[in-house]
Amino acid sequence: MMETMGFLAWLVAAASGGGGVASDPLTQPIISSHSDEWLEPRPAEKLFGDSYLVGFGGLSVALIDTGDGLILIDGALPQAAPAILAHVRELGFQPTDIKYILSTEPHSDHAGGIAALARDTGATVVASVRGAAALQSGRADADDPQLAYGMHFPPVAHAQKIADGETLLLGKTVVTAHATPGHTMGSMSWSWKACEAKTCRTIVFASSLNPVSADGYRYDAPASAPIVAGFAQSYRTMDALACDILISAHPDNAAPDGRRFNDTPGACRAYADRSRRALAARLAKEGTVKER
């Protein structure tokens, strides 16, 4: 069926009950002007060691084989959940071996599929304190710059909270949580070591850092000061991280050359610098508009 309908059409039909597929309320499609681009089909791909990419052309989803269960990072849009689990199976794993699902940010394009994935795998969802509350509510926080876009998604029944600098241990893998606020105040990035023989590399799955917003939002408004301060904190964090391989929530933010990850030296610092420049340009533009 996927060959005749096309991958994206199959995702929509499967999630909405078309084509003889039973309707699933947790995978009802969220369609936007970017959803086709975000869900561009990509095969599962080995990253390094026992770490893999199981997401799409415009949305990253990572999988770690810890030797004692799997860790999934992010869930893409709701309608993408079946394809993510299909990628997991293609790699020779069983979805029920996923023990944890880590969330980078409570936006529909990254957290929309988490409720279905948690239900279908029995995994524990882990997020920042702010992120966990938003996941359980199924909507963006009141101070989110993109709040006016809607940003509703299937709520997660339960999310375990983790603080900045805390670690999650499973099997041979230790994943460290790094608070990276700004894009949302609950954003969390994740890092771990992956090894092949005697060579080990530190992988960072970074939350979005791009300063984008719904129309009418101003980063120079007094109410936005904590958001701007959050970005500054995130830049310091990304600058200081050991970072051999960078994955970002949207691949093109980390690897503008079309790759799904960035393994060039200084990738995390370059990622932060790109956001620094974008935020500075945004604030300068808002200041110019204010003066007119």
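Under the numbering used here, the first residue of the sequence shown is numbered 2, with each subsequent residue one higher. Heads up, the beta-carbon is just placed ideally off N, CA and C, and yes, glycines get one too.
- Judged by their CB atoms, A112 and V55 are not nearer to each other than the 9 Å cut-off.
- In the three-state DSSP reduction, N254 falls in the helix class (H, G or I).
- For the options G59, T105 and P252, the alpha carbon positioned closest to that of M186 is the one of T105.
- Residue state for D274 is assigned as helix, using DSSP reduced to three classes.
- Taking a contact as a CB-CB distance under 8 Å, the pair P257 and G59 does not count as one, their CB atoms being some 13 Å apart.
- With a threshold of 16 other beta carbon atoms within 10 Å, P212 meets it and is buried.
- Counting only runs of 4 or more residues that sit fully inside the region 218–256, the alpha helix (DSSP H) segments are 226–241 and 252–255, in chain order.
- Within the same chain, and ignoring the five residues on either side of I85 in sequence, the residues whose Cβ sits closer than 8 Å to its Cβ are V55, G56, V62, L73, G76, A77, G114 and L118.
- For K194, the pairing in a beta bridge is given by DSSP as T203.
- Going by C-alpha positions, R131 is about 13 Å away from G231.
- In this chain, the beta strand (DSSP E) harbouring I65 covers A63 to D66.
- Under the DSSP definition of a beta bridge, R140 partners with H153.
- DSSP, read as helix, strand or coil, puts K47 in strand.
- Here S34 is exposed: its Cβ has fewer than 16 other Cβ atoms, across all protein chains shown, within 10 Å.
- Here V176 carries a strand assignment [DSSP, helix/strand/coil].
- Under the three-pair Cβ rule at 8 Å, the region 191–198 counts as touching the region 169–179.
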